[in-house]
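Working notes, structure below.
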Amino acid sequence: MNSAFDRVLVTGVTGQVGRALIEQLGVHRCVAASRAVLPLDFPETIPHRLDYFRPRAIINAGAYTAVDQAESPDEAIFVKAINEESPAKMGQWCARNRVPLIHFSTDYVFDGSGDAPRTEESPTGPLNAYGLSKRAGEEAILASGCRALIFRTSWVYDHQGKNFFRTMLKLGAEREQLRVVGDQIGAPTFAPQLAHAAILALENALEIEEKTGQFPTGVYHLCHSGDTSWHGFAEEIFEGARERGIPLQVEEVKQIATAEYPTPARRPLNSRLDCSKADRVLGVRLPDWHLGLEECLDLWLEHHSRGDSTS
Ligand SMILES: NC(=O)c1ccc[n+]([C@@H]2O[C@H](COP(=O)([O-])OP(=O)(O)OC[C@H]3O[C@@H](n4cnc5c(N)ncnc54)[C@H](OP(=O)(O)O)[C@@H]3O)[C@@H](O)[C@H]2O)c1
Numbered sequence: 029m030n031s032a033f034d035r036v037l038v039t040g041v042t043g044q045v046g047r048a049l050i051e052q053l054g055v056h057r058c059v060a061a062s063r064a065v066l067p068l069d070f071p072e073t074i075p076h077r078l079d080y081f082r083p084r085a086i087i088n089a090g091a092y093t094a095v096d097q098a099e100s101p102d103e104a105i106f107v108k109a110i111n112e113e114s115p116a117k118m119g120q121w122c123a124r125n126r127v128p129l130i131h132f133s134t135d136y137v138f139d140g141s142g143d144a145p146r147t148e149e150s151p152t153g154p155l156n157a158y159g160l161s162k163r164a165g166e167e168a169i170l171a172s173g174c175r176a177l178i179f180r181t182s183w184v185y186d187h188q189g190k191n192f193f194r195t196m197l198k199l200g201a202e203r204e205q206l207r208v209v210g211d212q213i214g215a216p217t218f219a220p221q222l223a224h225a226a227i228l229a230l231e232n233a234l235e236i237e238e239k240t241g242q243f244p245t246g247v248y249h250l251c252h253s254g255d256t257s258w259h260g261f262a263e264e265i266f267e268g269a270r271e272r273g274i275p276l277q278v279e280e281v282k283q284i285a286t287a288e289y290p291t292p293a294r295r296p297l298n299s300r301l302d303c304s305k306a307d308r309v310l311g312v313r314l315p316d317w318h319l320g321l322e323e324c325l326d327l328w329l330e331h332h333s334r335g336d337s338t339s
């Protein structure tokens, strides 16, 4: 493995993707930069702290991800600091120190019109404050001139943490009927498989650089293949849970329209991402989303039957 992996600074380590990154990279090789270690809401502190840790690579999985809360005017300063200004500082530090940066972005940079999958060249048009801040973060990193891989992903979930998968299992165990949005279409992405692909992509990018002298800096779409709606995802979660003998109360999952479930933040109806560039350039591709779900259900069951309080 490239020496860049000897000291990788990872942010967002209490989150879905960050936790998976640390698990896969191995704690001994990482600086696990929690909020206390690297407070992303204080961008001006970032360069000093990075000078102190001197990472050989940075993976920024930290973000302000509370999409609805981000709409509140009181939150604007934090959303900007965490999703735009801190990534900008990281990019500038990485450019000065010739350190590669991996950053995550989102399908919410798009307006969700039509039904065609978006490529990296498709025009952006965020519908909400979160999407706007994530787009600004991408632009700031690209403007810094650092060597960066920016992965736009979608609908991230895991067997632990706060996410749709876990919410469905909880509600499905309590209620007989559920109403789930059926007109937003995208690809659910299992955090550990995303983390794995991101690490592999960095390895491959460094190899490309060694061979060609050129690091393949850019934006890449990276989510599972295939697509579904939140309603379709919920149905599959329940089917997989039943197959594994997980007790459920739910008998009916009613499909509703986004308009019937108003939220503070508008969300794109079409979240399909064309991920062929990541496959072509970086040699990474995530399998069909059903495979991610199968693995997640197995892990959930394993942790649950052990009575693991974090699961
Ligand atoms: N979740 C999704 O559906 C989704 C979809 C598309 C793209 N993405 C992107 O994928 C990446 C990873 O998302 P995720 O789902 O793993 O996120 P997550 O589970 O919500 O975790 C977010 C992480 O960011 C950290 N963080 C938040 N504010 C911070 C601050 N002020 N200083 C330092 N750390 C802070 C959190 O730490 P605390 O625990 O201390 O708050 C947490 O570790 C993000 O860039 C996100 O925008 C996510």
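If you want the numbering used here, it's the position in the sequence shown, counting the first as 1, plus 28.
Every residue, glycine too, gets a C-beta built ideally from N, C-alpha and C.
Only a predicted model underlies this, so the values are computations on that prediction, with no experimental measurement involved.
Asked, Found
"Helix, strand or coil at residue 31 according to DSSP, with G and I counted as helix", "helix"
"Cα-Cα separation, residue 337 to residue 227", "In this prediction, residue 337 scores a pLDDT of 47, lower than 50, which makes its location untrustworthy; the coordinate-derived value is nonetheless stated afterwards. Straight-line Cα distance between these residues: approximately 28 Å."
"Spatial distance of residue 192 from residue 284 (CA atoms)", "16 Å"
"Three-state secondary structure (DSSP) of residue 198", "helix"
"Endpoints, the beta strand (DSSP E) within which residue 133 is located", "129-134"
"Secondary structure of residue 74, DSSP reduced to three states", "helix"
"Any non-hydrogen atom of ligand 1 within 8 Å of residue 180 CB", "yes"
"Segment contact flag, the stretch 136-145 with the stretch 195-207, C-beta cutoff 8 Å, min 3 pairs", "no"
"Assumed close pair residue 257, residue 210 - CB separation to whole angstroms, cut-off 8 Å", "5 Å"
"Entirely enclosed alpha helix (DSSP H) segments - the stretch 156-219, minimum 4 residues", "157-172, 192-202"
"Beta strand (DSSP E) segment containing residue 88, residue limits", "85-88"
"Which of helix, strand or coil DSSP assigns to residue 250", "coil"
"Within-9 Å CB hit, residue 33 to chain D", "Chain labels in this structure do not include chain D; a single protein chain is all it has."
"Beta-bridge partners of residue 282, as assigned by DSSP", "207"
"Residue 30 beta carbon less than 9 Å from that of residue 143", "no"
"Pick from 329, 168, 94, 111 that is closest to residue 271, judged by C-alpha positions", "329"
"Reference residue 57; option with closest CA among 34, 45, 155", "34"
"Inter-residue Cα distance where the pair is residue 314 and residue 231", "16 Å"
"Within 9 Å, strictly: CB atoms of residue 300 and residue 255", "yes"
"Cβ-Cβ separation, residue 186 to residue 324 (assumed contact under 8 Å), whole Å", "7 Å"
"Residue 217 beta carbon near ligand 1 (any heavy atom closer than 8 Å)", "yes"
"Proximity below 9 Å, CB of residue 116 to CB of residue 168", "yes"
"Three-pair Cβ contact test at 8 Å for the stretch 69-76 versus the stretch 45-60", "no"
"Beta-carbon contacts of residue 156 that lie in its chain and below 8 Å, excluding the five residues immediately before and after", "95, 98, 99, 136, 293, 294, 295"
"Heavy atom of ligand 1 within 8 Å of residue 317 beta-carbon", "no"
"Nonlocal neighbours in the same chain, by C-beta distance under 6 Å from residue 110, ignoring five residues either side", "68, 69, 92"
"Bounding residues of the alpha helix (DSSP H) (the contiguous stretch that carries residue 269)", "258-271"
"heavy atom of ligand 1 below 8 Å from residue 102 C-beta", "no"
"Same chain, Cβ closer than 7 Å to residue 322, five either side skipped, listed in chain order", "268"
"Burial state of residue 282, where buried means 16 or more other Cβ atoms lie within 10 Å", "exposed"
"Whole-Å CB distance - residue 75 paired with residue 59, under 8 Å assumed", "Residue 75 to residue 59, Cβ: 15 Å. No contact."
"Cβ-heavy atom distance, residue 63 to ligand 1, below 8 Å", "yes"
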